[in-house]
Amino acid sequence: MTIQAKKALMIVTSHAQLGDTGRATGFYFEELAVPYWALRSAGLTVDIASIQGGAAPVDPNSVPETGQHEAVQRFLADSACMSQIQQTLALEDVDMAAYRLVFLPGGHGAMWDFPESMALANLISEAAARGWVIGAVCHGVAGLLDAIRLDGSPLLAGRRVNSFTNEEEVGIGLQDVVPFLLESQIRSLGGQFEQGPNFEAYVVRDELLVTGQNPASSAAVAESLLAALRQQEIE
């Protein structure tokens, strides 16, 4: 089913260093590529922005030499798509009124610059006020932490939500590297945190808010985003 001509905005991290480890990070490619193609297939135009604009850093762990996800391979082979990654829009140049859906892929880089970006918080808050579909997966949910409702309360307060879990962070040994534990922060804001088995697909949809737990959740997140967008059209 093709959705009426609409535009979606994806926002990725500009942060390229994994704390003090000396290792590189960035956005996680599967979490961008899988929803990207799903949205495109549904008839949406997809723009890509980043916190700083320009070339966005890719988490090298998300582009292994072998075993790449088919959606990632397709994206890497498409010069127009890769140009979107090399020339992302700066948030200050984004007009949220032009979109009906905003989606935040993860990658550990998001844990540093997403929560520190007032421009991102304002954009997500505006999207919520307009009644747009808002989605995030894995560490991308960090970009929702500072968004607020019209009454000034946290966007996530009282909402069903999930993200990369504390157990998963411990499972990959980065609990002392990231600046905070995302699940704990969501709970502290009053979010109703839900989770599935570690490293398995799990998605929570609360009306027009869609969140996914990890890279394995990317396809299910995309399906839920489209379902929410169709609901928005009906309403």
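Per the working numbering, residue 1 is the first one in the sequence shown, and the count goes up by one each step.
No residue lacks a Cβ here, since even glycine has one placed at the ideal position from N, Cα and C.
In this text, all values refer to a predicted model and were calculated from it rather than measured experimentally.
Next item on the list: Just the C-alpha distance for Ala90 and Gln52, rounded to the nearest angstrom, thanks.
Entry: 5 angstroms
Note to self: Under 8 angstroms, with one C-beta from each stretch per pair, do the stretch 216-234 and the stretch 187-203 reach the 3-pair mark?
What the structure shows: yes
Check: By how many angstroms is the C-alpha of Leu120 removed from the C-alpha of Ala8?
Finding: 15 angstroms
Checklist line | Gly190: first and last residue of the uninterrupted alpha helix (DSSP H) it sits in | finding: From DSSP, Gly190 is part of no alpha helix (DSSP H); its letter is neither H nor E.
Next item on the list: Using alpha carbons as the reference points, say which of Thr165, Asn198, Ala129, Asp176 lies closest to Leu209.
Entry: Ala129
Check: In angstroms, rounded to a whole number, what distance separates the CA positions of Ala24 and Ile234?
Finding: 43 angstroms
Next item on the list: Pick out whichever of Glu70, Ser153, Gln195 has its Cα sitting closest to the Cα of Trp37.
Entry: Glu70
Next item on the list: Check each candidate in Gly131, Ala49, Ile134, Gln175 and name the one with the smallest Cα separation from Asn166.
Entry: Gln175
Notebook entry, point to check: Ala97 to Gln195, Cα distance in whole Å?
Noted result: 32 angstroms
Next item on the list: Using DSSP bridges, identify the partner residues of Ala227.
Entry: Answer is none; Ala227 lacks a bridge partner.
Next item on the list: Leaving out five residues on either side along the sequence, give the residues of the same chain with a beta carbon under 6 angstroms from the beta carbon of Val178.
Entry: Met111
Notebook entry, point to check: Among Ser163, Phe164, Arg149, which has the Cα closest to the Cα of Ala157?
Noted result: Arg149
Next item on the list: Ignore the nearest five residues each way along the sequence and tell me which others in Ser117's own chain have a CB closer than 6 angstroms to its CB.
Entry: Ile51
Check: What whole-angstrom Cβ distance do Gly109 and His15 have, given they're in contact under 8 angstroms?
Finding: 4 angstroms
Margin query: Rounded to the nearest angstrom, what separates Gly173 and Thr21 at their Cα positions?
Written below: 12 angstroms
Next item on the list: Identify every run of the beta strand (DSSP E) within the stretch 136-218, keeping only runs that are complete inside it and at least 3 residues long; order them along the chain.
Entry: 203-206, 209-212
Check: Near Gly19, what residues of its chain come up, given a Cβ to Cβ distance below 6 angstroms and the 5 sequence neighbours on each side ignored?
Finding: Val177
Next item on the list: Please look up how many angstroms separate the CB atoms of Thr13 and Gly107, rounded, as I've assumed it's under 8 angstroms.
Entry: 6 angstroms
Checklist line | Three-state secondary structure (DSSP) of Phe103 | finding: strand
Next item on the list: Below 8 angstroms on the Cβ atoms is my guess for Val133 versus Arg159; work out the distance and round it to an integer in Å.
Entry: About 14 angstroms separates the two Cβ atoms, so there is no contact after all.
Margin query: Report the start-end ranges of each alpha helix (DSSP H) in the stretch 6-84 that is 4 residues or longer and not cut off at the edges.
Written below: 29-41, 70-76
Item checked: Cβ-heavy atom distance, Trp112 to the ligand NAP, below 7 angstroms -> This structure simply doesn't include the ligand NAP, nor any ligand for that matter.
Checklist line | Where Val94 falls: helix, strand or coil (DSSP) | finding: coil
Checklist line | Backbone CA spacing between Phe29 and Val141 [nearest angstrom] | finding: 16 angstroms
Next item on the list: From the DSSP output, read off the bridge partner residues of Leu89.
Entry: Ala49
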